[in-house]
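Remarks on the structure that follows.
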Amino acid sequence: MSIKFKELPGPKGVPFLGSLFDVDYPNLHNQFQEYADEFGEVYRMRIGILDLAVVGHPKIIQYILKERPDGFIRMKKLDKVLRAEGVHGAFNAEGEDWRTHRKLVAKGLDIKHQQAFFDRMLISVDRLYKKWKRAAESGEVFNIQDDFMRFTTDITTSLAFGIEMNSLEEKGGSVQEHMDKIFPMLFKRINDPIQWHKLYRNKTDREFDKSLKVLDELIDQWIADGRKRLEEQPELKENPSNFLEAVLVESENGGGFSNDEVKGNLMTVLLAGEDTTAHTLTWAIYLLTKHADYQQKIQAEVDKLLQNEAKISDFNSLANYKFIEGVAYETMRLKPVAPVMLFEPLSDVVVEGYEFKKGSRILMHWRHAATKDENFSEGKRFYPERWLKESKCPVHNMDAYIPFGGGPRFCPGRNLAMLEMKLVLSMLFKNFEVEMVTPHEDIKEIMAFVMKSSDFNVRLKNRG
Numbered sequence: 285m286s287i288k289f290k291e292l293p294g295p296k297g298v299p300f301l302g303s304l305f306d307v308d309y310p311n312l313h314n315q316f317q318e319y320a321d322e323f324g325e326v327y328r329m330r331i332g333i334l335d336l337a338v339v340g341h342p343k344i345i346q347y348i349l350k351e352r353p354d355g356f357i358r359m360k361k362l363d364k365v366l367r368a369e370g371v372h373g374a375f376n377a378e379g380e381d382w383r384t385h386r387k388l389v390a391k392g393l394d395i396k397h398q399q400a401f402f403d404r405m406l407i408s409v410d411r412l413y414k415k416w417k418r419a420a421e422s423g424e425v426f427n428i429q430d431d432f433m434r435f436t437t438d439i440t441t442s443l444a445f446g447i448e449m450n451s452l453e454e455k456g457g458s459v460q461e462h463m464d465k466i467f468p469m470l471f472k473r474i475n476d477p478i479q480w481h482k483l484y485r486n487k488t489d490r491e492f493d494k495s496l497k498v499l500d501e502l503i504d505q506w507i508a509d510g511r512k513r514l515e516e517q518p519e520l521k522e523n524p525s526n527f528l529e530a531v532l533v534e535s536e537n538g539g540g541f542s543n544d545e546v547k548g549n550l551m552t553v554l555l556a557g558e559d560t561t562a563h564t565l566t567w568a569i570y571l572l573t574k575h576a577d578y579q580q581k582i583q584a585e586v587d588k589l590l591q592n593e594a595k596i597s598d599f600n601s602l603a604n605y606k607f608i609e610g611v612a613y614e615t616m617r618l619k620p621v622a623p624v625m626l627f628e629p630l631s632d633v634v635v636e637g638y639e640f641k642k643g644s645r646i647l648m649h650w651r652h653a654a655t656k657d658e659n660f661s662e663g664k665r666f667y668p669e670r671w672l673k674e675s676k677c678p679v680h681n682m683d684a685y686i687p688f689g690g691g692p693r694f695c696p697g698r699n700l701a702m703l704e705m706k707l708v709l710s711m712l713f714k715n716f717e718v719e720m721v722t723p724h725e726d727i728k729e730i731m732a733f734v735m736k737s738s739d740f741n742v743r744l745k746n747r748g
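If you read the sequence shown in our numbering, its first letter stands for residue 285, the second for the next number, and so on.
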């Protein structure tokens with residue numbers, strides 16, 4: 285006999301509205317984990333008019349991911365909110381629509397393009413190095429998360445769109461500052477039981493509208509520049525040099541992309557490419573300054589591999605940075621920037637003895653499983669060595685680890701993210717000691733579409 289939704293345990297809340305008044309949206313991901321400690325790996329929860337089956341069971345999570353896009357889709361409300369703001373691309377497309385979008389995104393972010401683009405990436409790394417060198421020499425206390433956001437914005441816009449932003453050296457406002465206002469508002473609107481902004485737009489709504497308008501106009505300009513390049517260099521139509529050109533060629537060849545879909549794909553890549561990697565780097569600094577001995581272990585690796593060089597200059601050497609890779613994987617296990625996902629089944633289905641009805645809402649939260657001792661040895665411990673080949677950790681359940689998703693919709697930008705993290709962390713710890721200025725206990729997790737940290741400041745010191 286399968287377990288039906290109404291038979292699941294869960295918080296009772298109040299009549300009709302359930303746990304609506306208990307929900308703290310910036311901390312919602314942790315609330316799901318706390319309820320899992322009380323009610324188990326599968327429980328139910330009502331938030332306003334929304335009934336959720338909350339799932340942290342690794343085998344159910346893997347099943348859902350592997351059965352996408354034909355068995356499960358993202359929750360329809362998410363797609364509705366994103367489309368309303370002009371975001372329609374590989375992230376929220378489904379079915380055959382998704383397959384078309386996915387092919388282009390994957391091609392634009394593949395290893396071949398990363399290799400061809402590598403020297404241009406090094407320019408951004410060098411700008412970051414010089415900025416940090418000045419900060420170290422002056423003793424400046426600064427928000428390192430802001431630098432990570434600017435760096436990843438520069439990389440994404442250059443690789444995907446052929447645009448040189450140079451946010452790292454830009455004076456005053458930046459594209460990234462407008463993007464900062466978009467994710468939190470999208471998260472709020474996806475989770476709001478009532479779409480209040482349709483009735484009344486407050487100051488935050490108006491700031492969001494302004495930032496969205498700026499990005500919309502910017503993307504229009506990028507599209508115009510891309511079309512001009514294709515006209516002036518017809519050979520690019522046979523071999524596009526970036527994601528933007530590939531989308532435009534597909535659109536012109538009758539590939540089914542409307543102008544709104546072209547813009548939506550560009551917005552998707554811009555938002556996803558900037559936020560996720562920058563926040564993972566930020567969490568890595570948080571963990572590495574909290575566990576200072578690991579700074580020394582990274583320094584030992586980069587000193588051995590880089591010798592007298594300040595930063596990586598050879599694409600083929602990236603695979604040698606095993607310990608930094610372990611730090612990145614361990615950061616994503618303990619501080620995943622995408623700890624929750626929302627899905628709907630396209631038909632009635634029973635998974636691991638649990639019944640999920642067609643069109644019901646399933647919220648997956650995977651960090652709870654990833655930090656349990658039954659899935660990873662000493663699951664709550666920061667231990668990058670567990671990812672090394674010679675690791676002696678007896679428990680290592682990869683079904684409980686999905687930082688890049690899984691199944692057919694595995695994140696197409698995962699290799700780019702790892703490349704950026706290796707370039708930045710190797711350069712940082714080869715040249716500097718990182719001192720946390722903000723007390724670790726004051727740094728909070730904030731859920732705003734992705735899980736970011738509250739602002740914190742660091743100080744750099746030149747090594748040796």
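Here a beta-carbon is modelled for each residue, glycine too, at the ideal position from N, C-alpha and C.
Report all residues from its chain with a CB closer than 8 angstroms to the CB of residue i; omit the five preceding and five following residues, and keep chain order.
i, result
"Gly324", "Pro293"
"Phe289", "Arg328, Asp335, Ala337, Glu639, Phe640, Lys641 and Ser644"
"Glu614", "Leu571, Phe666, Tyr667, Pro668, Arg670 and Trp671"
"Leu703", "Gln398, Met405 and Leu602"
Going along the chain, which residues of its own chain have a beta-carbon closer than 7 angstroms to the beta-carbon of residue i, five neighbours each way excluded?
i, result
"Gly697", "Leu393, Ala556 and Gly557"
"Asp726", "none"
"Ala530", "Leu388, Lys391, Gly392 and Pro524"
"Ala419", "Phe426 and Leu744"
Given a cut-off of 8 angstroms on the beta-carbon distance, is the pair residue i and residue j in contact?
i, j, result
"Val734", "Thr560", "yes"
"His462", "Leu499", "yes"
"Pro692", "Pro342", "no"
"Pro468", "Leu304", "no"
"Ile569", "Val718", "yes"
"Val611", "Pro668", "yes"
"Phe716", "Leu744", "yes"
"Lys574", "His724", "yes"
"Phe356", "Phe694", "no"
"His397", "Pro623", "no"
"Lys465", "Ile503", "no"
So, at 6 angstroms on beta carbons, what are the nonlocal neighbours of residue i in its own chain, with the 5 sequence-adjacent residues on each side left out?
i, result
"Met648", "Val339, Ile345 and Met625"
"Val621", "Thr560, His563, Thr564, Val734 and Met735"
"Leu709", "Ile608"
"Leu602", "Lys706"
"Leu301", "Gly332"
"Ala653", "Gly340, Pro342, Asn659 and Ala684"
"Gly446", "Asn526"
"Thr441", "Ile447 and Met449"
Between the alpha carbons of residue i and residue j, how many angstroms are there, rounded?
i, j, result
"Phe401", "Asn699", "13 angstroms"
"Arg513", "Arg404", "19 angstroms"
"Tyr685", "Gln479", "33 angstroms"
"Phe527", "Gln399", "15 angstroms"
"Glu729", "Asp598", "35 angstroms"
"Gly689", "Ile474", "20 angstroms"
"Ser675", "Ser286", "39 angstroms"
"Asn486", "Pro310", "19 angstroms"
"Lys360", "Pro629", "11 angstroms"
"Asn543", "Arg665", "48 angstroms"
"Met731", "Phe740", "16 angstroms"
"Lys472", "Met551", "19 angstroms"
"Val634", "Ile348", "11 angstroms"
"Leu412", "Met711", "9 angstroms"
"Glu351", "Asp381", "16 angstroms"
"Ser737", "Gly663", "21 angstroms"
"Glu585", "Tyr605", "7 angstroms"
"Phe435", "Asp306", "37 angstroms"
"Ile428", "Thr722", "12 angstroms"
Assign residue i to one of three DSSP states: helix, strand, or coil.
i, result
"Ile357", "strand"
"Met735", "strand"
"Arg485", "coil"
"Val634", "strand"
"Pro310", "helix"
"Met469", "helix"
"Arg747", "coil"
"Asn526", "coil"
"Met449", "coil"
"Gly324", "coil"
"Glu658", "coil"
"Ser741", "Correcting the residue type first, residue 741 is Asn in the shown sequence and not Ser. Here Asn741 sits in strand by DSSP."
"Arg330", "strand"
"Val621", "coil"
"Asp476", "coil"
"Arg645", "strand"
"Glu729", "strand"
Checklist line | Contact between the segment 499-517 and the segment 324-334 (3+ Cβ pairs under 8 angstroms) | finding: no
Notebook entry, point to check: At a cut of 8 angstroms, does the segment 649-667 reach the segment 305-322 through at least three beta carbon pairs?
Noted result: yes
Notebook entry, point to check: How about the segment 407-419 and the segment 439-457: do they share at least three Cβ pairs that are nearer than 8 angstroms?
Noted result: yes
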